[in-house]
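Numbering-wise (my numbering), the sequence shown opens with residue 242 and increments by one. Where a beta carbon is used, it is the ideal one built from N, C-alpha and C, also for glycine.
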Amino acid sequence: MEVKSRHHLRSDEIGELTATIEDALGVEVDGDAFERVDLVGTEFDLVLVDGEPAVFVVDDEPFLTVRGANAYPPERRVVTVDAGAVQFVSDGADVMRPGIVDADDAIAAGDLVVIAEETHGKALAVGRALESGADMVGDSGKVVESVHHVGDDLYEFSV
242 MEVKSRHHLR
252 SDEIGELTAT
262 IEDALGVEVD
272 GDAFERVDLV
282 GTEFDLVLVD
292 GEPAVFVVDD
302 EPFLTVRGAN
312 AYPPERRVVT
322 VDAGAVQFVS
332 DGADVMRPGI
342 VDADDAIAAG
352 DLVVIAEETH
362 GKALAVGRAL
372 ESGADMVGDS
382 GKVVESVHHV
392 GDDLYEFSV
């Protein structure tokens with residue numbers, strides 16, 4: 242991933258960013274330095290929190306990256322998958338209903354969600370919900386489209 246530009250966020254931008262994430266996920270992202278990184282050829286930009294790629298901005302919506310979700314575990318918009326789905330989700334596969342053991346009922350179709358594994362609660366991926374949280378557990382069908390996962394270019398990004 243090629244960096245187009247970088248700049249530190251102003252305090253009002255930081256406040257807006259952290260408030261949006263707190264409203265969506267129920268978690269406070271805190272840090273001493275917030276730096277926006279505009280990337281070439283991607284659908285998103287990145288926000289480094291104390292030098293770590295903790296937040297990315299997709300369609301003007303800030304959301305936690307996989308690393309960010311592990312550093313600041315979200316309380317909302319979480320889809321939990323069973324052990325059988327871990328390898329597939331970690332490799333970037335979309336999430337299918339049979340692999341889901343729990344989903345936040347407040348999730349609406351179109352929301353960005355954190356996909357976590359059942360055993361330790363670690364984030365594996367971030368995806369876009371195709372169904373509401375109440376309709377995610379079931380027998381068949383794709384319900385979350387993968388956007389970012391462990392091991393992809395965004396996960397491996399370093400300054």
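Straight-line Cα distance separating residue j from residue i
i      : j      : result
Met337 : Lys245 : 35 Å
Glu404 : Val388 : Nothing in the structure corresponds to residue 404, since the chain is present only between 242 and 400.
Thr261 : Ile255 : 10 Å
Val320 : Arg247 : 32 Å
Glu397 : Val367 : 15 Å
Asp376 : Leu353 : 16 Å
Ala357 : Asp343 : 10 Å
Leu371 : Asp335 : 10 Å
Closest by C-alpha distance to residue i, when choosing among the options
i      : options                        : result
Gly325 : Arg318, Leu266, Ala350, Pro339 : Pro339
Asp301 : Tyr313, Arg317, Lys383, Val288 : Val288
Ala350 : Ser373, Tyr313, His248, Gly272 : Ser373
Phe275 : His249, His361, Val367         : His249
Ala364 : Gly382, Ala347, Asp323, Asp291 : Asp323
Phe329 : Arg318, Ile341, Val319         : Ile341
Arg318 : Val384, Ile348, Ser252         : Ile348
For residue i, three-class secondary structure by DSSP
i      : result
Ser381 : coil
Gly309 : helix
Ser373 : coil
Phe297 : strand
Pro303 : strand
Arg277 : strand
Arg251 : coil
Gly267 : coil
Ala350 : coil
Glu257 : helix
Ala326 : helix
Residue i: CB within 7 Å of a non-hydrogen atom of the ligand FMN
i      : result
Glu302 : No copy of the ligand FMN occurs in the structure displayed, which carries no ligand at all.
Residue interval of the beta strand (DSSP E) (run including residue i)
i      : result
Thr321 : 319-322
Asp393 : Counting along the chain, Asp393 falls outside any beta strand (DSSP E), and DSSP gives it neither H nor E.
Asp343 : 341-344
Chain-order list of residues whose beta-carbon lies under 7 Å from that of residue i (same chain, five-residue window excluded)
i      : result
Gly333 : Ser387, His390, Asp393
Pro315 : Leu266, Gly267, Val268, Leu305, Val355
Own chain, CB closer than 8 Å to residue i, minus 5 neighbours either side, in chain order
i      : result
Val295 : Sequence check: residue 295 is Ala here, not Val. Excluding positions up to five away in sequence, the list reads Val270, Gly272, Val288, Leu289, Leu305, Thr306, Arg308, Gly309, Ala312, Tyr313.
Span of the alpha helix (DSSP H) around residue i
i      : result
Leu401 : Past the edges of the chain, shown from 242 to 400, lies residue 401, and the structure says nothing about it.
Val399 : Note on identity: in this sequence residue 399 is Ser, with Val being the wrong assignment. No alpha helix (DSSP H) contains Ser399, which DSSP labels as neither H nor E.
Cβ-based neighbour list, residue i, same chain, cut-off 6 Å, excluding 5 preceding and 5 following
i      : result
Gly382 : Arg338
Val281 : Glu243, Lys245
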